[in-house]
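So the structure is just underneath, and the comments pick up after that.
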Amino acid sequence: MKVLLIGSGGREHALGWKLTQSPKLTKLFVAPGNGGTAQVGENVALDVTDHEMVATFCAEQGIDLVIVGPEAPLVNGLADDLRAAGLVVFGPSARAAQLEGSKAFTKALCDRMNIPTAAYQRFANEDDALAHVRAKGAPIVVKADGLAAGKGVTVAETVAEAEHAIRECFAGAFGAAGAEVVIEECLVGEEASIFAICDGKSFVTLASAQDHKRVGDGDTGPNTGGMGAYSPAPAVSDALLGQIEREIIAPTFIGMAEAGMPFQGVLFAGLMLTKTGPKLIEHNVRFGDPECQVLMMRLRSDLLELLVAAASGDLAGVKPEWRDEAALTVVMAARGYPGSYDTGSVIGGLEALGDETLQVFHAGTKAEGGKVLASGGRVLSITALGATVAEAQARAYRAVDAIDWPEGFCRRDIGWRAVGRELAKP
Ligand code: AMP
Ligand code: GLY
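Mapping the sequence shown onto the numbering used here, position 272 (from 1) lands on 976, and the numbers just tick up by one.
Here's what the structure looks like:
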């Protein structure tokens, strides 16, 4: 099969790496790709906002499956336009992608389907929003309603912080995404992510994972796209997973089908495991980055078969298999991220790294003149398997230390909760 994978992050390098292990794959194109995807497929400089250009490329190349990695093209209807052109696409329609594109849409679905989530209110007016946080007090959570690249959320410890976030939103800090704000009750507990693939009717839940969103050690500092992740998430027992499927995942897919927008693709549910049970923080309509990297490392089954089954409505009875080992990934980012940072520095020491149990996935890199150059904020995602999370962590950091990139940094404590849990076990 000939596959076109859309995207350019660590997620797409990991998906591409896993796809190349399928005996069914004959050719992989990645658009636009990065320095890492160029090692597993052929990068093509398509403008993915030009849906006709993408469809024409697929027709010319005889593409059998298109996989859409990031959310923006999904929210913009790329999957719809490609399907209309007769292509088989893994990824939800624009209507179904509202699950990520609009927080208010998801909150309304939660209300309809009784999905546990934080209490919330939505405001289109700054004064009303300010009055609301003053009345409620802190801690309280302020969110831009639309897509803001993971940066539109403020978990405010004080009313002043919440007021500041509201003013920023309405002043246009997140563009159109901030035209409305959602103000939420602050949930307390441990976070976990659950991924489920759906073909519009049936779904299959994948392994659990946990991400580290804050930039600094000890989960401090501003939110980022994700500084590291591990799988499985030890906080998610089999019993808890069953509860999450019954109370959150299944009602989401049923509610979407009932609303005439069946979900086809991968749903990424961000959860808070509270004292009163799992609650939905947010839905995303794609694999997480860097959660995808640890999932791909642990997936034993053929990824291409799985995604084709989902894209063709044939998922019933499919059950992916996983390695028993844990996987952990450490993100190396350019100094300054998630604020401003420089690009163009040379990354050395990558040559010696990489086998089936340790992979350096590229996020923001480009290959130039035989060198790998940093070209983004999050740049590398060093991913290792291990018998335990502690072992995967030690292997990943050994590889990090072998990389020669003074302009980069990483957190030194990825996986700390899970490692602590392992140590506490008798
Ligand atoms: P989001 O972009 O919605 O995933 O939010 C980013 C991060 O903000 C989440 O991963 C949580 O750590 C935090 N967060 C979002 N909503 C809440 C909430 N209602 N209560 C507590 N923390 C939250
Ligand atoms: N790692 C979180 C995300 O992909 O949104």
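Glycine included, every Cβ here is placed at the ideal spot set by N, Cα and C.
Inter-residue spacing [alpha-carbon to alpha-carbon] between residue i and residue j
{"i": "Gly944", "j": "Pro938", "result": "The question names Gly, but residue 944 in the sequence shown is Leu. Taking the straight line from one Cα to the other gives about 11 Å."}
{"i": "Ser1085", "j": "Met1000", "result": "13 Å"}
{"i": "Arg816", "j": "His916", "result": "31 Å"}
{"i": "Gly1080", "j": "Gly1043", "result": "12 Å"}
{"i": "Cys902", "j": "Val792", "result": "15 Å"}
{"i": "Gly1040", "j": "Pro936", "result": "30 Å"}
{"i": "Thr909", "j": "Asp1018", "result": "15 Å"}
{"i": "Val885", "j": "Ser941", "result": "34 Å"}
{"i": "Ala1038", "j": "Ile948", "result": "36 Å"}
{"i": "Ser1016", "j": "Phe907", "result": "13 Å"}
{"i": "Ala820", "j": "Glu804", "result": "Reading off the sequence, residue 820 comes out as Pro, not Ala. About 17 Å."}
{"i": "Val779", "j": "Ala1128", "result": "43 Å"}
{"i": "Leu891", "j": "Arg1099", "result": "33 Å"}
{"i": "Arg1121", "j": "Val758", "result": "43 Å"}
{"i": "Arg799", "j": "Glu951", "result": "22 Å"}
{"i": "Ala1091", "j": "Ala1013", "result": "31 Å"}
{"i": "Ala823", "j": "Glu888", "result": "6 Å"}
{"i": "Arg1102", "j": "Gly925", "result": "25 Å"}
{"i": "Arg1125", "j": "Pro982", "result": "19 Å"}
{"i": "Asp1059", "j": "Glu986", "result": "34 Å"}
Counterpart residues of residue i in DSSP-defined beta bridges
{"i": "Trp1026", "result": "Leu1003"}
{"i": "His987", "result": "Ala973"}
{"i": "Pro936", "result": "For Pro936, which the question treats as bridged, DSSP gives no partner whatsoever."}
{"i": "Phe874", "result": "None; Phe874 has no bridge partner."}
{"i": "Glu895", "result": "Met976"}
{"i": "Glu1137", "result": "Lying before the first or after the last residue shown, residue 1137 is absent from the chain, which here runs from 705 to 1130."}
{"i": "Lys731", "result": "Lys706"}
Nearest neighbour of residue i, chosen from the options [CA to CA]
{"i": "Glu1111", "options": "Ile1118, Thr1092, Leu1077", "result": "Leu1077"}
{"i": "Ala848", "options": "Asp1006, Thr924, Ala833", "result": "Ala833"}
{"i": "Asp785", "options": "Ser797, Gly1021, Ala954", "result": "Ser797"}
{"i": "Gly740", "options": "Ala718, Arg1115, Ala875", "result": "Ala718"}
{"i": "Val1050", "options": "Gly1068, Leu1057, Gly1058, Arg1102", "result": "Gly1068"}
{"i": "Ala783", "options": "Val758, Gly795, Glu775", "result": "Gly795"}
{"i": "Glu1029", "options": "Ala860, Met1036, His868, Glu1095", "result": "Glu1095"}
{"i": "Phe972", "options": "Asn988, Ile958, Lys979", "result": "Asn988"}
{"i": "Ala1106", "options": "Asp993, Ala749, Leu1057, Pro774", "result": "Leu1057"}
{"i": "Asp1006", "options": "Asn818, Ala883, Val1022", "result": "Val1022"}
{"i": "Thr810", "options": "Ile953, Gly773, Lys728", "result": "Ile953"}
Beta-carbon gap between residue i and residue j smaller than 9 Å
{"i": "Arg838", "j": "Val863", "result": "yes"}
{"i": "Gly904", "j": "Gln802", "result": "no"}
{"i": "Gly974", "j": "Ser897", "result": "yes"}
{"i": "Met976", "j": "Leu813", "result": "no"}
{"i": "Glu716", "j": "Phe733", "result": "no"}
{"i": "Ala900", "j": "Glu995", "result": "no"}
{"i": "Gly713", "j": "Asn738", "result": "yes"}
{"i": "Leu723", "j": "Cys762", "result": "no"}
{"i": "Gly1119", "j": "Val1093", "result": "yes"}
{"i": "Trp721", "j": "Phe957", "result": "no"}
{"i": "Val857", "j": "Met931", "result": "no"}
{"i": "Arg990", "j": "Gly841", "result": "no"}
{"i": "Ala1031", "j": "Arg1004", "result": "no"}
Endpoints, the beta strand (DSSP E) within which residue i is located
{"i": "Thr858", "result": "857-860"}
{"i": "Leu1084", "result": "1082-1090"}
{"i": "Gly711", "result": "706-711"}
{"i": "Gly781", "result": "It is not in any beta strand (DSSP E) - Gly781 carries neither H nor E in the DSSP assignment."}
Extent of the continuous alpha helix (DSSP H) to which residue i belongs
{"i": "Gln765", "result": "755-765"}
{"i": "Phe809", "result": "807-817"}
{"i": "Val748", "result": "From DSSP, Val748 is part of no alpha helix (DSSP H); its letter is neither H nor E."}
{"i": "Gln914", "result": "Careful: Gln914 lies outside any alpha helix (DSSP H), inside the beta strand (DSSP E) at 907-915."}
{"i": "Gly946", "result": "942-948"}
{"i": "Phe957", "result": "954-962"}
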